[in-house]
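Residue numbering for the sequence shown follows the working numbering, starting at 2 and increasing by one per position. Worksheet for the structure shown next.
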Amino acid sequence: MPQLDPSTFGSQLFWLAVSFVTLYVVLSVLVLPRIGATMAKRSDQLDGDLAEAEALRAKAEAALEAYEEALAQARTKALVVAQTMRAEVQAETARQKAELDAKLAEEAAAADSRLAATREAALAGLRDAAKEIIGDVMVSIGVDQADDKSVDAALDAASGR
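Here you go:
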């Protein structure tokens, strides 16, 4: 192996030093500053993104609070509207019930008066029919027909007048 020949160690050490210095200069002047700049740029971008994310999170929390507040207000308003509607419906129902009760009472009074008139008419007709029947019965059994005054008196006594 030629690398292990002691007569070439000097030239090998020279070229090692030249290669090392050249590599060192190229890395320190060209490559490492670019890597450092890229890392700094990435760090700045990451910090900016984190700050933006924090700002967006704060906005989202504020929006959530505003949404919850609006929702609570809407629920309160809906409850008020529901209670108002319930009260209006109950008032309307009570009004209609009062009207119906008054109408039914009026119709019941009218029906009672018609019933009383019909009963009086029936009783009057019954009295006349009873007079006729009494007269027919008296003739049938062979008794003289009674006069109207005595029949009226007998009917009054029977009916409790």
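The beta-carbon is built from N, C-alpha and C at its ideal position, and this holds for glycine as well.
C-alpha distance - residue i paired with residue j, whole-angstrom precision
i	j	result
Ser151	Arg115	32 Å
Ala95	Ala112	25 Å
Ala154	Glu121	19 Å
Ile36	Arg43	10 Å
Val19	Met40	30 Å
Glu93	Leu101	12 Å
Leu47	Leu31	25 Å
Contact under 8 Å by Cβ, residue i with residue j
i	j	result
Ala131	Leu156	yes
Which of helix, strand or coil DSSP assigns to residue i
i	result
Val138	helix
Val144	coil
Asp6	coil
Candidates the options: closest to residue i by CA position
i	options	result
Ile142	Glu66, Ala71, Ile134	Ile134
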